[in-house]
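The structure appears below as structure tokens.
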Amino acid sequence: MNRIGTQTYSLEQLADTYFNPKQSSVEEDKASAAGSFQEVLQAKQEAYNKQQGIGAVLFSKHANERLNSRNIHLTEKQMERLSNGIEQARDKNINESLVMLDNLAFIVNIRNNTVITALDQSGTGNHVFTNIDGAVII
0 MNRIGTQTYS
10 LEQLADTYFN
20 PKQSSVEEDK
30 ASAAGSFQEV
40 LQAKQEAYNK
50 QQGIGAVLFS
60 KHANERLNSR
70 NIHLTEKQME
80 RLSNGIEQAR
90 DKNINESLVM
100 LDNLAFIVNI
110 RNNTVITALD
120 QSGTGNHVFT
130 NIDGAVII
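Dropping the structure here:
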């Protein structure tokens, strides 16, 4: 046992302190910040979802432009059905889905609950959908 100041230390304690130092406080702060960042991000996303309504369907800028240019207006009942279709796709582990609702088609990123684009049956051109891994018809 060695005495340093008023404290008594064993050689093992001193060896651990000087030869096997733990992470520095800066490294510990970085490690804890990474974990806390994920927690803060998740909390913010949950708060945003609550603000929008739990499980709220979001529309990308592109989808909003398509809805406006094609004069598509969704009723509250259609929004509920669209949300239900997204939940069905999520239950089947689909990532990018085509959700068909009445005469409307939506490409949806299931993980983010975000409609990427929308079109109606009267749209011009071919109706070919790519980069999807599932479809839900409601």
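Going by numbering that gives the first Met the number 0, the first residue of the sequence shown is number 0, and it counts up by one from there.
Every residue gets a Cβ at the ideal spot worked out from N, C-alpha and C, and that includes glycine.
Can you tell me where the alpha helix (DSSP H) holding S68 begins and where it ends?
K60 to S68
Identify every residue that forms a DSSP beta bridge with I106.
L97 and T116
For F105, collect the residues of the same chain with a Cβ closer than 6 Å to its Cβ; drop the 5 residues on either side in sequence, then sort them by chain order.
These residues qualify, in order along the chain: V98, V114 and A117.
Look up A134 in the DSSP assignment and give the residues it is bridged to.
In the DSSP output, where bridge partners are listed per residue, A134 has L97.
With a 10 Å radius around its C-beta and 16 neighbouring C-beta atoms as the bar for buried, classify A136 as buried or exposed.
In the sequence on display, residue 136 carries Ile and not Ala. The residue in question, I136, is exposed, as its Cβ has fewer than 16 Cβ neighbours within 10 Å.
Per-residue burial, E11 [other beta carbons within 10 Å of its own, 16 or more giving buried]:
exposed
Specify the secondary structure class of L73 as computed by DSSP and reduced to three states.
Here L73 sits in coil by DSSP.
Quick one: residues in its chain with C-beta nearer than 7 Å to the C-beta of I85, no 5 flanking neighbours on either side, listed in chain order?
Here the set comprises V56, V98, V107, I109 and N112.
Can you tell me the Cα-Cα spacing of R65 and Q87, whole angstroms?
24 Å
Would S96 be called buried (16 or more neighbouring beta carbons within 10 Å of its own) or exposed?
It is buried - the Cβ of S96 has at least 16 other Cβ atoms within 10 Å.
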